[in-house]
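Accompanying notes for the structure given below.
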């Protein structure tokens with residue numbers, strides 16, 4: 007311990023300059039590397055580290071990270087009134103590393119984040135680059151943090167800890183007495199089959215239509231390396247099959263699944279293990295009549311150092327990432343050969359779906375910057391993108407004649423229509439489009455168009471309709487990408503009970519006569535009544551929405567409660583139509599955190615990140631909606647949603663037995679959604695009032711009015727935080743999404759209350775009571 011303390015002391019003296027050198031040495035990105043945020047409501051940075059990691063990292067690991075002992079860490083937690091440590095740390099270290107990285111992003115330099123997570127530098131570098139582009143979700147920058155080293159508290163530090171303890175005891179002592187559900191407990195429940203798995207499945211079931219989805223809890227970055235992180239246990243497959251699903255997908259990186267041959271001998275490390283686990287998954291899924299599809303987003307860019315002796319295949323560059331240029335036949339050959347190897351080794355795979363213009367840099371045309379490559383500059387984007395898809399299809403076909411190749415038009419021509427690319431696709435691929443894209447909407451008097459991830463706006467939209475028409479003219483099959491459970495409009499709950507909106511979308515898709523449906527991205531894979539709606543329409547495309555919804559309500563709640571449940575679903579659906587949809591709202595808004603997003607007394611200066619960290623960036627949250635309109639629309643959603651809560655609570659009282667358990671669970675999720683929507687409105691109004699209070703020239707009356715507004719907002723927000731704490735404390739599903747892990751854990755709601763009380767004092771707004 008003495009050596010470790012000396013090391014941390016040296017790190018503290020060297021400060022952020024050493025952190026810069028360390029990041030460079032470890033191959034970890036820094037971006038613009040601005041100064042980290044401070045959180046003055048904590049006693050000091052060491053206490054902040056203890057608070058933020060309590061219950062999700064073991065006290066021993068926290069202690070090692072900040073250079074102290076376990077007894078001291080426990081004493082620090084106790085001094086702030088925190089509950090016992092619990093036993094979530096083990097599962098969080100394995101499954102929740104993104105949650106740990108994100109909550110320490112502004113507290114610790116990389117070296118201490120590695121110590122806290124137990125990850126190697128290579129593992130963290132891979133996660134930041136390939137784990138659903140995590141570094142982008144964190145803002146493309148690593149805040150500049152000096153190392154945190156524990157030192158004995160002085161009087162001011164102890165006094166502030168005592169204040170926090172008082173706040174925590176006042177607002178949460180009774181709630182701490184409730185028995186918490188461990189994080190990730192839902193995996194055990196969803197993974198448990200209700201009956202012995204079938205010995206043999208119906209092989210034709212997976213070929214009838216296409217209804218594929220992502221695992222609710224599947225690890226995104228490298229899901230096949232560790233069999234204990236099984237994304238599709240029998241219980242989940244059984245539940246998904248019962249709701250009409252006949253395909254599941256998982257993220258892969260091709261260089262991890264197949265050897266690279268003479269061209270790229272570095273590729274393929276561990277591919278035998280991954281393919282063995284993939285074979286087991288395919289066999290297990292087939293017993294439920296479900297096929298497995300691979301997400302192929304290739305060729306992935308590599309670090310610049312990879313090309314020191316390979317300039318012949320180096321394409322466009324973005325930062326330290328360089329594209330493997332697909333205008334060189336050697337790159338295309340590697341793609342085809344690698345996929346032929348995968349499908350040869352796992353011949354029963356259902357197929358692949360491709361994204362060839364995503365956030366990840368892949369081909370030189372993937373980001374519309376082909377002119378930066380001497381080989382690609384004279385070619386069109388359409389030629390390059392179609393050629394990549396052709397190389398993928400050729401490799402799949404060499405390994406399997408029956409596997410499906412689904413080309414997703416995401417990002418093509420900057421998300422515009424792309425008949426030029428469709429015209430060049432191989433003749434036996436499918437064309438998939440986001441169903442609701444380009445759908446015109448009006449919210450709060452603001453005219454707009456839907457991009458994607460909109461459950462509040464049932465499609466199809468005109469872009470998808472025209473894309474599908476062009477594909478059909480070529481004889482290609484078509485698929486709709488939808489989100490029937492939830493979207494980034496609110497990803498922190500397993501599903502939103504807006505079944506009327508789902509039924510409306512399904513009815514319209516039936517008229518569009520698409521050949522298949524991708525039911526979710528990583529968000530939205532929970533077995534839910536929403537998926538039951540989709541299953542009914544898949545079975546009977548001519549079904550009437552009212553008949554489908556009435557049937558599901560009776561099955562779920564019983565005859566007496568069903569009418570009330572139907573009215574609740576209708577109220578939720580009508581409320582959700584008021585969601586102020588825009589791509590910037592969906593990606594940047596604070597709705598994923600809800601009442602767990604802390605109040606900041608001083609503007610942070612940070613921009614909200616893509617489903618990552620919202621900060622206090624109201625102007626980044628709101629998209630085209632004026633500040634007041636943005637707040638008012640979320641208030642409309644929350645007000646209408648509350649009407650649905652009353653109806654669903656009445657329905658619960660008319661249930662019994664298993665239906666009562668189901669209704670209580672549904673009501674808990676719906677109450678959590680309401681807390682999130684209502685909190686966004688409060689957060690927006692707080693930022694408006696905080697910024698107004700900082701202006702010069704205000705009269706005493708104006709200042710008093712603004713402080714009164716902040717005081718009233720704080721009272722409401724504290725109550726929402728307490729409610730969100732209780733709901734998530736009792737239900738491990740809340741706050742979770744597969745590719746982001748936990749957006750928040752229950753103690754974040756406690757931090758929110760502390761930040762509100764601090765803001766009231768700092769802004770002279772009085773007490774919350």
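Numbering (the working numbering), first residue to last: 7 to 775.
Heads up, the beta-carbon is just placed ideally off N, CA and C, and yes, glycines get one too.
Please read these numbers as outputs of a predicted model, since none were measured by experiment.
Following the DSSP letters along the chain, one finds residue 487 inside the beta strand (DSSP E) bounded by residues 483 to 487. Between residue 119 and residue 62, the CB-CB gap reaches or exceeds 9 Å. In this structure, the beta-carbon distance from residue 431 to residue 395 falls below 9 Å. Excluding five sequence positions before and after residue 65, the CB atoms of its chain that fall closer than 7 Å to its own CB belong to 76, 79, 80 and 91, given in chain order.
Around the C-beta of residue 148, 16 or more other C-beta atoms lie within 10 Å, and the residue is accordingly described as buried. With respect to the C-alpha of residue 84, the residue from 93, 175, 458 and 460 having the closest C-alpha is 175. In the three-state scheme derived from DSSP, where H, G and I count as helix and E and B as strand, residue 283 is classed as helix. Sequence-distant partners of residue 543 (beyond 5 residues in either direction) whose C-beta falls short of 8 Å from its own C-beta, in its chain, are 509, 512, 513, 515, 516, 549 and 554. Put simply, the segment 290 to 297 does not touch the segment 321 to 341. Fewer than three CB pairs are less than 8 Å apart. With respect to residue 730, residue 655 sits apart: the two C-beta atoms are not nearer than 9 Å. By the Cβ neighbour-count rule, residue 498 is buried, with 16 or more other Cβ atoms within 10 Å of its own. If you check the CB distance, residue 87 and residue 161 do not come in under 9 Å. Pairing residue 367 with residue 460, the inter-Cα distance amounts to about 25 Å. Distance from the CA atom of residue 246 to the CA atom of residue 373, rounded to whole angstroms, is 35 Å. Contact between the segment 234 to 242 and the segment 309 to 324 is not established, with fewer than three Cβ pairs separated by less than 8 Å. One alpha carbon belongs to residue 345, the other to residue 337, and they sit about 13 Å apart. Of the other Cβ atoms in all chains shown, 16 or more fall within 10 Å of the Cβ of residue 716; this residue is therefore buried. Residue pairing by DSSP places residue 446 opposite 455 in a beta bridge. Cβ-Cβ distances below 8 Å link residue 308 to 327, 328 and 330 in the same chain, with the five nearest sequence neighbours on each side left out; the list follows chain order. Secondary structure note for residue 659: it is in no beta strand (DSSP E), and the uninterrupted alpha helix (DSSP H) holding it is 633 to 659. Residue 493 and residue 216 have their C-alpha atoms roughly 21 Å apart.
Here the alpha carbons of residue 764 and residue 47 stand approximately 6 Å from one another. Taking each of 678, 629 and 619 in turn and checking the Cα distance to residue 112, the smallest one comes out for 619. The beta carbon of residue 170 lies closer than 6 Å to those of 86 and 760 in the same chain, with the five residues before and after it left out. Straight across, the Cα-Cα distance linking residue 448 with residue 380 is about 45 Å. Scanning the segment 306 to 358 for uninterrupted alpha helix (DSSP H) segments of 4 residues or longer gives 335 to 351, listed from N- to C-terminal end. Residue 390 and residue 375 have their C-alpha atoms some 12 Å from each other. Listed as beta-bridge partners of residue 255 by DSSP are 220 and 299.
Contact between residue 232 and residue 262 does not hold, since the beta-carbon distance rounds to 13 Å and is not under 8 Å. At a cut-off of 3 residues, the continuous stretches assigned as beta strand (DSSP E) that sit fully inside the segment 225 to 274 are 253 to 257.
Put simply, the backbone Cα of residue 462 is about 11 Å away from that of residue 592.
Put simply, of 522, 581, 710 and 646 the residue whose alpha carbon is nearest the alpha carbon of residue 412 is 522. Scanning its chain for C-beta atoms nearer than 7 Å, with the 5 sequence neighbours on each side dropped, one finds around residue 51 the residues 113 and 154, in chain order. Within the same chain, Cβ atoms closer than 7 Å to the Cβ of residue 56 are found at 68, 79, 82 and 83, the five residues on either side in sequence being excluded. Counted as a single uninterrupted DSSP element, the stretch harbouring residue 125 is not any beta strand (DSSP E), since DSSP gives it neither H nor E. In its chain, beyond the 5 residues on either side, 657, 660 and 661 have a beta carbon closer than 6 Å to the beta carbon of residue 567.
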